[in-house]
Amino acid sequence: MSSGDQVDARGEAAGGEDNTDALPRHPPQPSGLPASIPTVRESDFVSNVYKMDRSNLGPVIIFNNKDFHPRTQMGKRDGTDRDADNMNSIFQTMGFQDIQQFNNQTASEMRDKLWKASKTMTTASSCFVCVILTHGEEGFVFGTDDKVPIDDLVLPFKGNHCPALAGKPKIFIIQACRGTELDSGVEVEDSGMEIGTEMDEEVMIRRIPTEADFLMAYSVVPGYFAWRNSANGSWFIQAVYDVFRRHWKDMDLMTMMTRVNKRVAYDFESRAAREFMNRKKQIPCITSMLTKDVYFYPQPKSL
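Shown next, in the form of structure tokens:
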């Protein structure tokens, strides 16, 4: 690593009645079911791979927050423009045609732009990607003026709010701190040894969870700093760019994200001006509610 590393601050027996493991704190509220019910072909529903239309993969939204209001007490995020450039480049390479980048957005602007994207989403889109480059703390990311709950940014794309994306992957890539702990790592000794024909199909109405089909890719586990190099960009986004560039045609998304974890964990170590921040490590955290494999490029039918 070059110098200049910084941080971004359970049913009963068969035939029985299904019950929850806890009583709700409040009476159930209306679910807000969409006015139009999404339909899927039976073959798509039973497939283990999401259907991806190469001609319309869907939109990518990139939030690149670099400068912050003094009241946030957050510093300038040098290196974030490199991250934004890398994300633009790789998603263009992967075939995404609708890529929108928004720089230095307030908390309300971030909310508003995602609600607008949700409401204007069409069923032609195969997926949705949101990249967030900013400061953060556990459960929140920062707009330039204030913090915003990550749940608020994900909400517009849940099945009851965005039926156009029901049953399709929603991918959030978040480069931001999730606390103030530093990971000193652990020493591990290297032993030096290698250890047909088209047919009409029945269209069915399916009920799926509103929370399904999300992937949340966080730069770091809860409680810890996320590192960013002032010249090369953040460790996490560097790894995402490199792994996706090499493997987007031959690996599924979860496999690629596991490679990203490995790259960040093994290939990066901090070099900071303050000694107590030297030789620190980082591990990303991938939370998946996906129900199928995500391939961005056509794969053999055997899948």
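With the sequence shown counted from 1, adding 291 to any position gets you the numbering used here.
Cβ coordinates follow ideal geometry from the N, Cα and C atoms, glycine included.
Note that the structure is predicted; figures quoted are calculated from it, not measured.
Coarse secondary structure for residue i, derived from DSSP in three states
i, result
"Glu398", "As written in the sequence, residue 398 is Ala, which differs from the Glu given in the question. If DSSP states are grouped into helix, strand and coil, Ala398 belongs with the helices."
"Lys438", "strand"
"Gln320", "Note on Gln320: pLDDT 47, under 50, position unreliable in the model; the coordinate value appears next. The answer is coil: DSSP assigns Gln320 none of H, G, I, E or B."
"Glu478", "coil"
"Arg536", "helix"
"Tyr515", "strand"
"Glu428", "strand"
"Gln466", "strand"
"Glu472", "strand"
Contact set for residue i: own chain, Cβ-Cβ below 7 Å, skip 5 residues either direction
i, result
"Gln392", "Ile353, Asn355, Ala375 and Asn379"
"Ile499", "Gly450, Ala457 and Gly458"
"Ala530", "Val551, Arg554 and Val555"
6 Å Cβ shell around residue i - same chain, five flanking residues per side excluded
i, result
"Asn394", "Asn355"
"Val351", "Phe382, Phe387, Ile390 and Val420"
"His538", "Met547"
"Gly450", "Ala457 and Thr501"
"Ile462", "Val420 and Leu506"
"Phe587", "Met385 and Trp539"
"Pro513", "Glu429 and Arg469"
Residues sharing a beta bridge with residue i, DSSP
i, result
"Pro350", "Asp389"
"Ile577", "Ala508"
"Arg550", "According to DSSP, which records beta bridges pairwise, Arg550 is partnered with nothing at all."
"Lys461", "Phe419 and Phe505"
Any non-hydrogen atom of the ligand COA within 6 Å of residue i CB
i, result
"Asn394", "The ligand COA is not part of the structure shown, which contains no ligands of any sort."
Pairwise C-alpha distance: residue j and residue i
i, j, result
"Phe516", "Thr371", "16 Å"
"Asn347", "Gly430", "32 Å"
"Lys653", "Val555", "Beyond the ends of the chain as shown, which are 292 and 594, falls residue 653; an answer cannot be given."
"Leu544", "Cys576", "14 Å"
"Gln590", "Pro361", "49 Å"
"Pro440", "Phe433", "9 Å"
"Leu324", "His452", "Low confidence applies here, because Leu324 scores a pLDDT of 48, under 50, leaving its location unreliable and the question unanswered by this model."
"Thr549", "Asp442", "24 Å"
Contacting residues, own chain, Cβ-Cβ under 8 Å from residue i (five flanking each side not counted)
i, result
"Thr413", "Ala455"
The region 410–430 touching the region 349–358, judged by at least three CB pairs closer than 8 Å: Taking a cut-off of 8 Å for Cβ pairs, the region 410–430 and the region 349–358 touch, as three or more such pairs fall below it.
Report yes or no: do the region 522–539 and the region 472–479 share at least 3 C-beta pairs separated by less than 8 Å? no
Cβ contact (3+ pairs, closer than 8 Å) linking the region 400–418 and the region 546–562: no
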